[in-house]
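**Student:**
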Amino acid sequence: MFQIVEKKVQLEFPHGHHLHCMICQVPNQLEEENYACKLTNPTAKWQQIRSILELVATGEGNLRKQHFLVFPEAALPYQSLSEMLDFINDQFAANTVTIIGIEHIDLLTYIGLLEQFAIDNAEALASAKQDQTSGDINGIPVNCCLTIIKEAKDDLRVFIQAKSHPFFGEEAIDPFHDLYRGKVFPLIRCQPTGFNFMSLICLDYIYRDLYQSNISTVIEKGNDLFHQTRQRLDLLCVIECNPKPEHKAFRDVVNGFYGEYLAYTPGVRDTTTVFCNSSDETNGLGDNPEFTFGHSMVIMHQSHKITASETAEFQTDDFNGLPVCRLRFGTGTRLFYFNLPLFHELDPRTTRFPLKVHAIYQSEGASWDRLSDVSTHLGVEDHDFAVARRLDAAEYPERPGED
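Start counting the sequence shown at 2; every next residue gets the next number (the working numbering).
(1) Terminal residues of the continuous alpha helix (DSSP H) containing P43?
(2) Cα separation between Y79 and L40?
(3) Is it the case that the stretch 47-59 contacts the stretch 217-234, given that we only count it when at least three CB pairs across the two stretches are under 8 Å?
(4) Are there 16 or more other CB atoms within 10 angstroms of the CB of G268, so buried, or fewer, so exposed?
(5) Within 10 angstroms of its Cβ, does M2 collect 16 or more other Cβ (buried), or is it exposed?
(6) List the DSSP bridge partners of A37.
(7) In whole angstroms, give me the CA-to-CA distance for L188 and K8.
(8) To which residues of the same chain is T194 closer than 6 Å at the C-beta, ignoring the five residues directly before and after it?
(9) Can you give me the C-alpha to C-alpha distance between P355 and N35, rounded to a whole angstrom?
(10) Which same chain residues end up closer than 6 Å to Q4 when comparing Cβ atoms and leaving out the 5 residues on each side of it in sequence?
(11) Drop a sphere of 10 angstroms on the beta-carbon of P401, count the other beta-carbons inside from all chains shown, and report buried for 16 or more, exposed for fewer.
(12) Buried or exposed for K46, please, with buried defined as at least 16 other CB atoms from any protein chain shown within 10 angstroms of its CB.
(13) Cβ atoms of C277 and I24: under 7 Å apart, would you say?
(14) If we ignore side chains and look at the alpha-carbon of each, how far apart do S135 and N284 end up?
(15) Can you round the beta-carbon distance between L109 and A125 to whole angstroms, since I take them to be within the 8 Å contact cut?
(16) When the Cα atoms are used, what is the spatial distance from F292 to P244?
(17) Less than 7 Å between the C-beta atoms of T431 and L236, yes or no?
(18) Count the other C-beta atoms from every protein chain shown that fall within 10 angstroms of the C-beta of E104, then say buried if there are 16 or more, exposed otherwise.
(19) Can L323 and V239 be called in contact, C-beta distance under 7 Å?
(20) How long is the line joining the alpha carbons of Q229 and L286, rounded to whole angstroms?
(21) Let me make sure I understand the geometry here. Which of A309, G333, A163, I150 has the alpha-carbon closest to that of I141?
(22) Since R335 contacts Q303 with CB under 8 Å, what's their CB separation in whole angstroms?
(23) Here's the rule: buried if 16 or more other CB atoms are within 10 angstroms of the residue's CB, otherwise exposed. What is G17?
(24) Within this structure, are the beta carbons of S81 and T148 separated by less than 7 Å?
(25) Determine the DSSP secondary structure at G257, reduced to helix, strand or coil.
(26) Classify S373: buried if its beta carbon has 16 or more other beta carbons within 10 angstroms, exposed otherwise.
(27) By how many angstroms is the C-alpha of V57 removed from the C-alpha of Q213?
(28) Would you say the beta carbon of T230 comes nearer than 6 Å to a heavy atom of the ligand NAP?
(29) Quick check: what's the CA-CA separation for V290 versus D281?
(30) Leaving out the 5 sequence neighbours to the left and right, which residues in its chain are closer than 8 Å to E311 when beta-carbon positions are compared?
(31) Over what stretch of residues does the alpha helix (DSSP H) that includes I149 continue unbroken?
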């Protein structure tokens with residue numbers, strides 16, 4: 002069963018100001034090895050990930066405001082995990098969160114990883130050990146995700162979750178073509194700022210069985226937060242290595258998540274959902290001409306009112322008629338850096354764009370170059386600045402004696 006456990010961390014995010022997120026849409030070169038998906042180029046892959054970490058750690062310009070760094074599913078070679086944790090611990094600024102998927106490992110290795118960080122993963126460890134006693138399953142593949150948090154006082158916290166969706170090769174009769182099913186998923190509650198977020202691995206977003214739906218459980222948890230504490234689920238990160246990121250099943254769940262068709266959902270109505278997919282250079286998953294990797298997305302409720310815009314790197318739309326605003330990126334290998342919107346009750350200005358793309362980076366050899374022409378004139382021609390000034394003046398009238 003899909004169980005959400007609350008984990009409290011010390012993250013001192015700025016009050017009354019939006020946070021910043023970077024989507025790393027990078028490729029995965031995969032192959033099947035012992036019934037698991039492994040990266041074919043672990044050394045080169047780690048060098049690519051390290052180059053992104055170095056870019057963030059350097060923090061040039063607006064990158065000094067970086068809060069969330071999101072990589073795709075199966076992006077990190079397991080052999081490089083310790084080196085990545087050391088890099089983040091030594092060089093990342095405090096109050097930063099890194100979410101990344103690891104290539105498949107076996108259950109025995111997964112349990113060892115949970116034991117290494119047992120303080121933060123007690124529930125997942127207990128669940129995995131209980132499953133381990135059910136049969137000879139130590140060699141079964143595990144698709145897992147790490148949420149690595151550098152707290153306000155520089156303490157490093159590592160939260161681990163395994164994918165609950167069983168797919169690895171459902172259409173194969175071979176019983177080994179299956180995945181270990183994770184059952185415990187952390188909800189990170191940041192103190193003292195009251196910011197709450199979760200991460201899911203690709204098909205976990207849409208998965209359901211005869212007894213429950215993963216996304217319904219997330220919605221119920223968000224509503225519980227609202228009714229008990231007047232807080233909400235602020236951010237949901239879905240990491241993918243998905244050749245069909247806009248499949249009808251994903252669109253249907255987005256529709257239900259934001260549509261409020263059966264009940265009012267104050268706990269998730271203002272949730273920002275970030276889908277981070279691998280880029281179009283991904284291969285090794287039974288390559289098919291119909292596969293379309295990329296198209297990472299940021300989705301919000303339609304009340305945020307983002308106007309229709311389009312550039313060579315991204316576009317905004319309503320996901321084919323859904324009650325949402327969507328920022329949809331292209332398919333290439335890119336780093337997308339943008340802000341996470343504030344709630345409307347915190348920032349009531351109706352003329353302000355709640356979401357801004359601050360920078361896009363393109364890979365150039367071993368480095369990342371910022372594209373200079375991201376959105377210089379995006380939307381300016383259609384924006385009525387006179388109306389905006391009158392509205393702002395109405396909200397903040399002049400006091401007697403002021404010019």
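Glycine included, every Cβ here is placed at the ideal spot set by N, Cα and C.
**Tutor:** According to the structure data:
(1) Here the question's residue 43 lines up with position 42 in the sequence shown. Segment 43-59, the alpha helix (DSSP H) holding P43.
(2) By 1-based counting over the sequence shown, the position of residue 79 is 78. By 1-based counting over the sequence shown, the position of residue 40 is 39. Their backbone Cα atoms lie some 9 Å apart in a straight line.
(3) In short, these stretches do not touch, since the Cβ pair count stays below three.
(4) For the purposes of this step, residue 268 is identified with residue 267 of the sequence shown, where counting begins at 1. Buried, because 16 or more other Cβ atoms sit within 10 Å of the Cβ of G268.
(5) Along the sequence shown, read from residue 1 onward, the residue named residue 2 stands at position 1. With fewer than 16 Cβ atoms within 10 Å of its Cβ, M2 is classed as exposed.
(6) The residue you call residue 37 lines up with position 36 of the sequence shown. Paired residues: E34.
(7) Here residue 188 refers to the residue found at position 187 when the sequence shown is read from its first residue. Here residue 8 refers to the residue found at position 7 when the sequence shown is read from its first residue. Between L188 and K8, the C-alpha separation is close to 6 Å.
(8) Within the sequence shown, numbered from 1, the residue matching residue 194 stands at position 193. Taken in chain order, the residues that qualify are F14.
(9) Taking the first residue of the sequence shown as 1, we reach residue 355 at position 354. Taking the first residue of the sequence shown as 1, we reach residue 35 at position 34. A direct Cα-Cα distance of roughly 46 Å separates P355 from N35.
(10) Position 3 of the sequence shown, counted from the start, is the residue given in the question as residue 4. Contacts found: K184, V185.
(11) Looking up residue 401 in the sequence shown gives position 400. Here P401 scores only 45 on pLDDT, less than 50, and its place in the model should not be relied on; the value that follows carries that caveat. Exposed: under 16 other Cβ atoms inside 10 Å.
(12) Locating residue 46 in the sequence shown gives position 45, where the first residue counts as 1. The residue in question, K46, is buried, as its Cβ has 16 or more Cβ neighbours within 10 Å.
(13) To locate residue 24, count along the sequence shown from 1; it is residue 23. To locate residue 277, count along the sequence shown from 1; it is residue 276. With contacts defined as CB atoms closer than 7 Å, I24 and C277 qualify as a contacting pair.
(14) Here residue 135 is taken as the residue at index 134 of the sequence shown, counted from 1. Here residue 284 is taken as the residue at index 283 of the sequence shown, counted from 1. Here the C-alpha atom of S135 lies approximately 35 Å from the C-alpha atom of N284.
(15) Within the sequence shown, numbered from 1, the residue matching residue 109 stands at position 108. Within the sequence shown, numbered from 1, the residue matching residue 125 stands at position 124. In fact, because the Cβ distance is near 15 Å, the residues do not count as touching under 8 Å.
(16) Here the question's residue 292 lines up with position 291 in the sequence shown. Here the question's residue 244 lines up with position 243 in the sequence shown. Computed Cα separation, rounded: 5 Å.
(17) Examination of residue 431 is not possible in this model, given that the chain is present from 2 through 404 alone.
(18) As a first step, residue 104 is located in the sequence shown; it is residue number 103 there, counting from the start. Result: buried.
(19) As a working mapping, residue 323 is identified with position 322 in the sequence shown. As a working mapping, residue 239 is identified with position 238 in the sequence shown. By the CB criterion at 7 Å, L323 and V239 fall outside the cutoff.
(20) Mapped onto the sequence shown, residue 229 falls at position 228. Mapped onto the sequence shown, residue 286 falls at position 285. About 44 Å.
(21) Walking along the sequence shown from the start, residue 141 turns up at place 140. Of the candidates A309, G333, A163, I150, A163 places its Cα closest to the Cα of I141.
(22) Walking along the sequence shown from the start, residue 335 turns up at place 334. Walking along the sequence shown from the start, residue 303 turns up at place 302. 26 Å between Cβ atoms; not a contact.
(23) Working through the sequence shown from its first residue, we reach residue 17 at position 16. Counting the other Cβ atoms within 10 Å of the Cβ of G17 gives fewer than 16, which makes it exposed.
(24) Here the question's residue 81 lines up with position 80 in the sequence shown. Here the question's residue 148 lines up with position 147 in the sequence shown. By the CB criterion at 7 Å, S81 and T148 fall outside the cutoff.
(25) In the sequence shown, the residue the question calls residue 257 occupies position 256. Reduced to three states, the DSSP call for G257 is helix.
(26) As a first step, residue 373 must be located in the sequence shown, where it is residue number 372. Under this definition S373 is an exposed residue.
(27) On the sequence shown, residue 213 is found 212 positions in, with the first residue counted as 1. On the sequence shown, residue 57 is found 56 positions in, with the first residue counted as 1. Near 39 Å, if we compare the C-alpha coordinates of V57 and Q213.
(28) The ligand NAP is absent from the structure shown, which contains no ligands of any kind.
(29) Translated into the one-based positions of the sequence shown, residue 290 becomes position 289. Translated into the one-based positions of the sequence shown, residue 281 becomes position 280. The sequence given here has Pro at residue 290, not Val. When only Cα atoms are considered, P290 and D281 end up about 11 Å apart.
(30) Here residue 311 refers to the residue found at position 310 when the sequence shown is read from its first residue. Spatial neighbours of E311 in its own chain (CB-CB distance under 8 Å, excluding positions within 5 residues in sequence) are listed in chain order as T317.
(31) Here the question's residue 149 lines up with position 148 in the sequence shown. Here I149 belongs to no alpha helix (DSSP H); instead the beta strand (DSSP E) covers 142-151.
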